[in-house]
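Undergrad:
In this note's numbering, the protein residues as written are 402 to 630.
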């Protein structure tokens, strides 16, 4: 892909308080203010990282406004580790709802990202660069079919849905520009596993519903504390 540089080249470190953590009980993902998933170990917390850009390594997964000028914010949804990144740009406001499907599977991570244009149509840049083994293993065996992109990185298999128009860049990553309009959310789903993936891909609405319900059951509500004052 020619034109703008890969998103990874535009990312810079931020103070730690500006990062969010997604988790599913088996592993976690660190998400930066530019929508960059910059640290993630798969399949478990103590496995080698597939995204290690946070510490200067290889591998990152970015969903960010196409326009470089924006004000960033975000928040966790109540009683969960579902995170909402929010960007105010010159062209409008856009959010990306982020979560690891919960509860997690010991062998397979499912990263859910749902882009929502709040008030105006907006273009989002998306880039996936899986580098298993702390950046050592590029994407290989890449193919595109009706189940999305599939391939490998080292010992891991992956499937990526929602970016069929992505192109392979010189650095081995997949990059696309997605246009999102109000009222029509755009789902991206990444499955990563140390085993063969099932034939049937994850369904976005089902995965989000199950994750919301699981968090609601896992985290009790508290009342009658000083926080209520």
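Positions of the beta carbon are idealized from the N, C-alpha and C atoms, including for glycine.
In whole angstroms, what separates the C-alpha of residue 570 from that of residue 625?
TA: Here residue 570 refers to the residue found at position 169 of the chain shown. Here residue 625 refers to the residue found at position 224 of the chain shown. Approximately 54 Å, taken between the alpha carbons.
Undergrad: Span of the beta strand (DSSP E) holding residue 452?
TA: Translated into positions along the chain shown, residue 452 becomes position 51. Residue 452 -> beta strand (DSSP E) spans 450-452.
Undergrad: Taking Cβ positions, are residue 451 and residue 531 nearer each other than 7 Å?
TA: Counting from one through the chain shown, the residue named residue 451 turns up at place 50. Counting from one through the chain shown, the residue named residue 531 turns up at place 130. Yes; because the gap between Cβ atoms is below 7 Å, this pair is in contact.
Undergrad: With distances taken Cα to Cα, identify the nearest neighbour of residue 485 among 553, 538, 437, 491.
TA: For this step, residue 485 is matched to residue 84 along the chain shown. It is 437 whose Cα lies nearest to the Cα of residue 485.
Undergrad: Less than 7 Å between C-beta atoms, sequence neighbours within five positions excluded: which residues of the same chain meet that for residue 595?
TA: Residue numbering aside, residue 595 sits at position 194 when the chain shown is read from its first letter. Answer for residue 595: 444, 508, 556, 557, listed in chain order.
Undergrad: Have a look at residue 514 and residue 609 and give me their C-alpha separation to the nearest angstrom.
TA: The residue labelled residue 514 in the question sits at position 113 within the chain shown. The residue labelled residue 609 in the question sits at position 208 within the chain shown. Near 10 Å, if we compare the C-alpha coordinates of residue 609 and residue 514.
Undergrad: Here's a check: name, in chain order, each residue in its chain whose Cβ is nearer than 6 Å to the Cβ of residue 612, leaving out the five neighbours to either side.
TA: Within the chain shown, residue 612 is the residue found at index 211, counting from 1. Excluding sequence neighbours, residue 612 sits near 500, 502, 503.
Undergrad: Classify residue 610 as helix, strand or coil using the three-state DSSP reduction.
TA: Your numbering for residue 610 matches position 209 in the chain shown. Residue 610: helix per DSSP, three-state reduction.
Undergrad: Does the distance from the CB of residue 524 to the CB of residue 586 come in under 7 Å?
TA: Residue 524 sits at position 123 when you count from the first residue of the chain shown. Residue 586 sits at position 185 when you count from the first residue of the chain shown. Result no, Cβ atoms of residue 524 and residue 586 do not sit closer than 7 Å.
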